[in-house]
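Here is the structure we will look at.
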Amino acid sequence: MQWVREPLGEICRKGRGRIQTGPFGSQLHESDYSADGTPVVMPADISDGRVAVTRIARVPESHVERLKRHKLAKGDIVYGRRGDIGRQALVRDENIGWLCGTGCLKISLGDSPLISEFLHRYLSTKAVVSWIEGQAVGATMPNLNTGILERVPVFYPEDKTTQKKIAAILLAYDELIENNQRRIALLEKMAEEIYREWFVRLRFPGHEKVRFIKGVPDGWQVKKLGELVRTQYGYTASAETEGEGPKFLRITDIAAAAINWEFVPHCKIEEKDEEKYLLREGDIVVARTGATVGYAKRINKHIPKAVFASYLVRLIPKRKRDAIFLGLSVERNAFKDFIWMFVTGAAQPQANATTMALFPVFYPPETLLNEFNRIVEPILDEKELLLNQAAVLARTRDALLPRLISGKLSVENLDIKFPPSMEEAAHAA
0 MQWVREPLGE ICRKGRGRIQ TGPFGSQLHE SDYSADGTPV VMPADISDGR VAVTRIARVP
60 ESHVERLKRH KLAKGDIVYG RRGDIGRQAL VRDENIGWLC GTGCLKISLG DSPLISEFLH
120 RYLSTKAVVS WIEGQAVGAT MPNLNTGILE RVPVFYPEDK TTQKKIAAIL LAYDELIENN
180 QRRIALLEKM AEEIYREWFV RLRFPGHEKV RFIKGVPDGW QVKKLGELVR TQYGYTASAE
240 TEGEGPKFLR ITDIAAAAIN WEFVPHCKIE EKDEEKYLLR EGDIVVARTG ATVGYAKRIN
300 KHIPKAVFAS YLVRLIPKRK RDAIFLGLSV ERNAFKDFIW MFVTGAAQPQ ANATTMALFP
360 VFYPPETLLN EFNRIVEPIL DEKELLLNQA AVLARTRDAL LPRLISGKLS VENLDIKFPP
420 SMEEAAHAA
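Quick note on numbering that gives the first Met the number 0: the sequence shown kicks off at 0 and runs consecutively.
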């Protein structure tokens with residue numbers, strides 16, 4: 000089987016495809032956007048090889064016709080032109096008919112010798128991302144343009160079935176990871192809903208028989224968070240992508256739905272300091288500066304050796320049995336809202352441990368707390384197991400990616416069942 004190397008621009012021309020920029024600012028104004036309508040993909044919407052819809056902008060249908068050359072078709076690839084220029088997303092069924100927005104570039108392969116699923120994977124390899132970053136113009140803010148993308152050297156097998164086999168193997172890992180993520184989200188929701196039902200709505204087991212005194216159930220206490228935890232500021236050091244030291248947990252690492260330890264950097268730290276700042280199961284870390292002030296995460300049971308950065312505050316539960324209850328308490332928006340009432344600094348919001356310690360907590364009786372732990376701890380343990388499984392799957396996929404894409408790992412003799420999205424094209428190849 001023959002592999003060939005060609006510039007991406009030439010591949011597009013062969014299939015009568017093209018690489019083009021999104022609409023200029025003069026074509027799409029801020030006033031054109033609306034709450035409803037057709038989604039417009041911006042650089043911020045490109046995440047993990049997909050288009051994220053959480054904060055996506057939209058335009059009314061009246062604008063879609065005049066911008067029709069920027070419509071996205073299945074298999075197109077969208078790049079951001081500025082900032083993190085290595086990010087790109089493959090347009091899937093759910094994105095058909097959306098618009099490539101200002102600040103983005105669109106790759107349309109047409110009827111080229113290359114399938115989009117293979118190209119999407121190829122462009123996500125570290126070697127290609129590094130090549131693109133090295134070509135980018137602009138010292139302060141790297142910029143990507145059509146010329147750079149047209150020059151990207153693409154190494155690919157001429158046989159489209161082989162391309163599809165490679166893409167299908169990697170897609171199978173993605174689907175397993177996504178399935179785990181859906182289960183993780185469900186488990187999170189279960190734990191949070193039990194917490195809200197018992198400790199926010201106060202519909203805990205036996206609540207019908209309990210007297211309420213000024214809104215507080217008999218036997219409960221209203222405590223300040225500082226009575227239940229010790230506080231500590233983090234360690235000051237420089238983050239290192241590679242290193243022999245412990246992981247170095249930062250604000251950016253706790254802002255996502257879950258801490259992805261694969262992407263947490265390392266730091267150098269002396270042995271005497273490492274013990275002081277070492278994270279342990281049940282610790283809670285809270286962001287104390289920037290836009291994410293008040294964001295909190297409870298530390299799970301099975302984590303790599305890690306310390307925490309100076310812009311985080313650690314809350315150490317005085318009693319181990321309080322850890323899950325307190326973790327769910329401070330991960331809620333109510334805690335963030337409380338912290339923001341005391342934030343200082345307009346340009347760079349700041350909070351401190353003293354303020355966090357003032358947060359009021361409805362503290363339940365021992366028997367109820369024990370029952371809560373009995374029900375919720377297995378749910379959170381299963382969530383952690385799935386998180387770890389997803390991390391292993393991601394590591395395996397990422398290790399396979401360069402070997403498959405380069406042809407070092409042959410798939411010629413593998414009998415692979417293609418997913419529905421690839422079957423039609425596979426038969427045509």
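Note that CB positions come from ideal geometry on N, CA and C, so glycine has one too.
When secondary structure is reduced to three states using DSSP, residue 265 falls in the strand class. Per the C-alpha coordinates, the member of 277, 297 and 311 positioned closest to residue 246 is 277.
Per the C-alpha coordinates, the member of 178, 321 and 167 positioned closest to residue 414 is 167.
At least 8 Å separates the beta-carbon of residue 272 from that of residue 263.
Around the CB of residue 117, 16 or more other CB atoms lie within 10 Å, so the residue is classed as buried.
According to DSSP, residue 297 shares a beta bridge with 283. If you check the CB distance, residue 328 and residue 360 come in under 8 Å. Within the stretch 110-179, the runs of alpha helix (DSSP H) that reach at least 4 residues and sit entirely inside it are, in chain order, 115-122, 125-134 and 145-150. Assignment of residue 213 by DSSP, reduced to helix, strand and coil, places it in the coil class. Taking every protein chain shown into account, the CB of residue 345 has fewer than 16 other CB atoms within 10 angstroms, so this residue is exposed. Pairing residue 343 with residue 350, the inter-Cα distance amounts to about 7 Å.
Taken atom to atom, the span from the alpha-carbon of residue 162 to that of residue 92 is near 20 Å. In the DSSP assignment, residue 358 is bridged to no other residue.
In this structure, the alpha-carbon of residue 159 lies about 11 Å from that of residue 2.
Taking each of 63, 128, 9 and 130 in turn and checking the Cα distance to residue 99, the smallest one comes out for 63.
In chain order, 238, 239, 240, 241, 242, 243, 244, 245, 246 and 247 place their CB closer than 8 Å to the CB of residue 265, counting only its own chain and leaving out the 5 sequence neighbours on each side.
The alpha-carbon of residue 267 is positioned some 7 Å away from that of residue 236. The shortest C-alpha to C-alpha distance from residue 376 to any of 191, 295, 231 and 103 is the one to 191. The beta-carbon separation of residue 283 and residue 233, rounded to 13 Å, does not stay under the 8 Å limit for a contact. Between the alpha carbons of residue 178 and residue 212 lies a gap of roughly 46 Å.
DSSP places residue 34 in no alpha helix (DSSP H); its state is neither H nor E.
Distance check between residue 379 and each of 214, 335, 216 and 194 places 194 closest, using alpha-carbon atoms only. Minimum Cα-Cα distance from residue 370 among the listed residues 405, 386, 320 and 341 corresponds to 320. Residue burial is scored here from C-beta neighbours: residue 366 has fewer than 16 other C-beta atoms within 10 angstroms and is therefore classed as exposed. Contact between residue 180 and residue 389 holds: their C-beta atoms lie close to 7 Å from each other, under 8 Å. The three-state reading of DSSP puts residue 347 in coil, since its state is none of H, G, I, E or B. Close CB contacts of residue 106 within its chain, under the 6 Å cut and outside five residues either way in sequence, are with 18 and 76 (chain order). Around residue 372, the same chain offers 320 and 323 as residues with beta carbons nearer than 7 Å, after the five sequence neighbours per side are excluded.
8 Å or more divides the Cβ of residue 330 from the Cβ of residue 287. Scanning 259, 303, 110 and 197 for the CA closest to the CA of residue 14 turns up 110. Under DSSP, residue 101 takes part in no beta bridge, so it has no partner. Judged by DSSP in its simplified three-state form, residue 337 adopts helix. Sorting 120, 304 and 46 by C-alpha distance to the C-alpha of residue 274 places 304 at the top.
By alpha-carbon distance to residue 52, the top candidate from 392, 418 and 90 is 90.
Taken in chain order, the complete alpha helix (DSSP H) segments of 4 or more residues contained in the stretch 38-100 are 60-63. Between the alpha carbons of residue 334 and residue 310 lies a gap of roughly 18 Å.
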